[in-house]
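Chains as they are written, first to last, in my numbering: chain A, 1 to 196; chain B, 1001 to 1196; chain C, 2001 to 2196; chain D, 3001 to 3196.
Protein chains: 4
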Amino acid sequence: MSDRRDRRRRQILAAAKEVFAQKGYVATTVDDIVTRIEISRGTFYNYYDDKLDIFEALVESFMAALATSIIPIDLSPGAPTPREQLQANLKRVVELALNDPAMVTISLSTAMGVDPGLDEKLSVFYGHLRVFMDETLQTGQQLGLVRPGDRGPMLSIALGGMEGLLIDAVSGSVDADADELVEAVMSFLESGLLGR
Amino acid sequence: MSDRRDRRRRQILAAAKEVFAQKGYVATTVDDIVTRIEISRGTFYNYYDDKLDIFEALVESFMAALATSIIPIDLSPGAPTPREQLQANLKRVVELALNDPAMVTISLSTAMGVDPGLDEKLSVFYGHLRVFMDETLQTGQQLGLVRPGDRGPMLSIALGGMEGLLIDAVSGSVDADADELVEAVMSFLESGLLGR
Amino acid sequence: MSDRRDRRRRQILAAAKEVFAQKGYVATTVDDIVTRIEISRGTFYNYYDDKLDIFEALVESFMAALATSIIPIDLSPGAPTPREQLQANLKRVVELALNDPAMVTISLSTAMGVDPGLDEKLSVFYGHLRVFMDETLQTGQQLGLVRPGDRGPMLSIALGGMEGLLIDAVSGSVDADADELVEAVMSFLESGLLGR
Amino acid sequence: MSDRRDRRRRQILAAAKEVFAQKGYVATTVDDIVTRIEISRGTFYNYYDDKLDIFEALVESFMAALATSIIPIDLSPGAPTPREQLQANLKRVVELALNDPAMVTISLSTAMGVDPGLDEKLSVFYGHLRVFMDETLQTGQQLGLVRPGDRGPMLSIALGGMEGLLIDAVSGSVDADADELVEAVMSFLESGLLGR
DNA sequence: CATGAATGAGCCTTCATTCAT
DNA sequence: GATGAATGAAGGCTCATTCAT
């Protein structure tokens, strides 16, 4: 039955997620993973090609979820205001992150530099995200919703800021209520940090 | 003579920096480092305790330089305006980063998850930076220079944003002129991203 | 029914033969074999004890066929001439080989060094063959049909030569018409290689 | 000093040769080799890339020695007769083999089927040898020194016969005096096996 | 100080084989 | 009889680190 197999696959994946989040990719051994759920090393290799394979499976599925939770701004009449749509996007992303803190740690903090192949995939993902955001910002500028200026640095700061916030929220450095976080980001986007 | 010894140490350090930036800590072998400057493995260990030692030396000296380049806002009469001092601080940090791109990559992109001891040190550094910035922001809020609100998320976003900008600047994703970058950050801090 | 079981056994045997010939014993996995006929690994072990078991089954049955195709020279009056009988023997051996090229590769090229037990069996087989041939040659010498001299080297050369010819014929290095091959061997046996 | 290094390399090579000859490539572990000369596994890998590397080093050097010991027939006036040169060639090959029985076993008996890359190299070697021998035979035929006929099977038989003789000589199945072996081969080449 | 040969712990990975369903 | 998930022994290989010269 493929049901059984799927359950096992997910069980191994869950175990790997916890260990990776705790010890990082490098320090994690396949033994750490299989020990946690009391299966043999051989079984692990029946389900995943190797250590990198399962790491990629985790990161990529999180990236996919992230991609799914970002919905392009709908400018057609009758749609919610762009501001509301932006806020909804942020809410989805923040909740995704808070619901899966381990994956935030893994994907945003420790995934780079692990493997050339994975680095490449992550770069491609970030590249796509940047392009998408860039187009969105451009439209926003044309509509007067986004202030004019070179979008490159804006994007780097905004994406980096979001990343930093999620990492800190998940690590406990910052209080972790989704709505407050969204509110904080919205304030930052609307008026920056400095008074006046 | 200690002069000779110092030169050697720096030579090895420079080689290590390049390799770490290129291949990441994990993939870098001591052999990669010593081969690059044509010394023996034994010599390496005459100057550094182990692989982690030299990595820490790099990261810590960069962190120290970073710390040095951030000067507390001087509120005494006759000092430049806080805005000018903030801008000068940003300028110093950005220039430090652009002058040493390899170290940006190493410190901000690949240092986490490498070793529990190093992770701890990095956390402490970030913690100090946060505390310092928090105090600065608090003063700013009291003076009405920083908008009111929970400083935790503000800090996470600001630091993360800065990190993201430097990484992208150094990797070539974003145009790398120091003044433009500073200008972009100032705009973000002053008015966020959105119009009005 | 034992009929069904026999068909399965032969089906597995045939699959194993092809894979062994292609990849060699070592590189062949049980999985390679069962995949080819779309049965499960468990089924394989219902029919053969282990990987070596099926390899031995193949090699031994080929050796048995080889043994069967060699018929002792009949010296009784009325029998065909010894030369004709020799030629007939060669013909049978050559045709056996050409009809089952995979087994030639397996048995003559890659079977040695695989397993101590199998090596032993192969040695015993070659030993029997040598003894039988030795007796035949001895009779031939007494009758003046075989030139005198130490039969040891003669046998090694003759058997090795035959082996080499079959391997090359089967691998395509040499043109593969049974009668021509037999003819070539007869010429070699009758007059060697050199003129006069 | 490269002297030391060279000695070590040869020491490891010698150990590997013995183990390979005894147990075959597959059954030999790197541990078997290093244990025999009481060095660590790591040391082994300081001198050879991997298990296959050292095996190839052995086989290829033996093949090279073999190639060196075969000298083209010199037909210029004043040279020894072709028959004498042939005999001298055989003598060199036989002595090479008898001086290094382990390598005969390794190269001729167990090298095929070990690794696709090595198989390829061996095939190329045999191919070259065949071509060279073919040209020699062709010249011989033109001079009337070799009987006419398809050279393909002749070569397969002659090379296979030689191989068989050397293997048997080395394994003790046949008495191992170089001159007698050469004599036996010469007889076979000159008059085959059968009387008259 | 410099060298580089030697070490060996430790990890990943494969695959023949078993056994509960 | 058939299945295929699970096992675990076994071995290849890497590389940071040591140390005698």
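Idealized CB from N, CA, C, for every residue including glycine.
In the structure shown, the three-state DSSP call for V3146 of chain D is strand. In this structure, the alpha-carbon of F2055 of chain C lies about 13 Å from that of P2116 of chain C. It is roughly 24 Å from the alpha-carbon of A64 of chain A to the alpha-carbon of Q138 of chain A. Secondary structure within the segment 2034 to 2093 of chain C: the alpha helix (DSSP H) runs of 4 or more consecutive residues, fully enclosed, are 2041 to 2047, 2051 to 2069 (chain order).
Restricting attention to B:P1072, B:D1031, B:Y1025, the CA atom closest to the CA of M1133 of chain B is found in B:P1072. Put simply, the backbone Cα of L2086 of chain C is about 37 Å away from that of F3062 of chain D.
Take R2130 of chain C, set aside five residues on each side of it, and the residues of its chain with a beta-carbon closer than 8 Å to its own are L2155, L2159, in chain order.
When CB distances to chain A are screened at a threshold of 9 Å, the residues of the segment 1145 to 1162 of chain B falling below it are L1145, V1146, R1147, P1148, G1149, D1150, G1152, P1153, M1154, L1155, S1156, I1157, A1158, L1159, G1160, G1161, M1162, in chain order. With a cutoff of 8 Å on beta-carbon distance, G2192 of chain C and L3189 of chain D are scored as near each other. Exclusion of the five residues before and after T2028 of chain C leaves V2019, F2020 as the residues of its chain whose Cβ lies within less than 7 Å of its Cβ. Note on E163 of chain A: 16 or more other CB atoms within 10 angstroms of its CB, so buried under the neighbour-count rule. Here V93 of chain A is near S69 of chain A, since their CB atoms are less than 8 Å apart. Not one beta carbon of chain B lies nearer than 8 Å to the beta carbon of L129 of chain A. Not a single CB atom of chain C sits nearer than 8 Å to the CB of S3107 of chain D. Note on V2124 of chain C: under 16 other CB atoms within 10 angstroms of its CB, so exposed under the neighbour-count rule. In terms of CA proximity to L1108 of chain B, A:M112 leads the group A:L194, A:M112, A:S107. Under the three-state reduction of DSSP, L2193 of chain C is assigned to coil, being neither helix nor strand. In summary, A3067 of chain D is exposed, with fewer than 16 beta-carbon neighbours lying within 10 Å of its beta-carbon over all protein chains present. Contact of E2190 of chain C with chain D is assigned, a C-beta pair being separated by under 8 Å.
The beta carbons of Y2045 of chain C and I2012 of chain C sit no closer together than 8 Å. Of the residues assessed, L1075 of chain B falls on the exposed side of the cut-off, its CB having fewer than 16 other CB atoms within 10 angstroms.
In terms of Cβ geometry, P101 of chain A and V170 of chain A form a close pair [threshold 8 Å]. Rounded to whole angstroms, the gap between the alpha carbons of R1004 of chain B and H128 of chain A is 50 Å. Burial state of D6 of chain A is exposed, judged by a 10 Å Cβ sphere holding fewer than 16 other Cβ atoms. In this structure, G1152 of chain B lies near V174 of chain A, with their beta-carbon atoms less than 8 Å apart. The C-alpha of K91 of chain A is placed about 7 Å away from the C-alpha of A178 of chain A. It is roughly 56 Å from the alpha-carbon of R3008 of chain D to the alpha-carbon of Q2142 of chain C. Residue burial is scored here from C-beta neighbours: G2161 of chain C has at least 16 other C-beta atoms within 10 angstroms and is therefore classed as buried. Taking C-alpha positions only, T1136 of chain B is separated from N1089 of chain B by approximately 13 Å. Cβ-Cβ separation between K2023 of chain C and E2060 of chain C: approximately 20 Å, too far for a contact (criterion under 8 Å).
Annotation for I3167 of chain D: V3104, L3108, S3109 place their beta carbon closer than 7 Å to its own, counting only its chain and skipping 5 residues before and after. Under the Cβ distance rule, T3110 of chain D counts among the residues neighbouring chain C, one pair being separated by less than 8 Å. Shown here, M1112 of chain B sits in coil according to DSSP, grouped into three states, outside any helix or strand. D3177 of chain D has a beta carbon lying at 8 Å or more from every beta carbon in chain C. Neighbours of D3100 of chain D in chain C, taken as residues whose beta carbon is under 7 Å from its own, are absent, since the nearest beta carbon is some 18 Å off.
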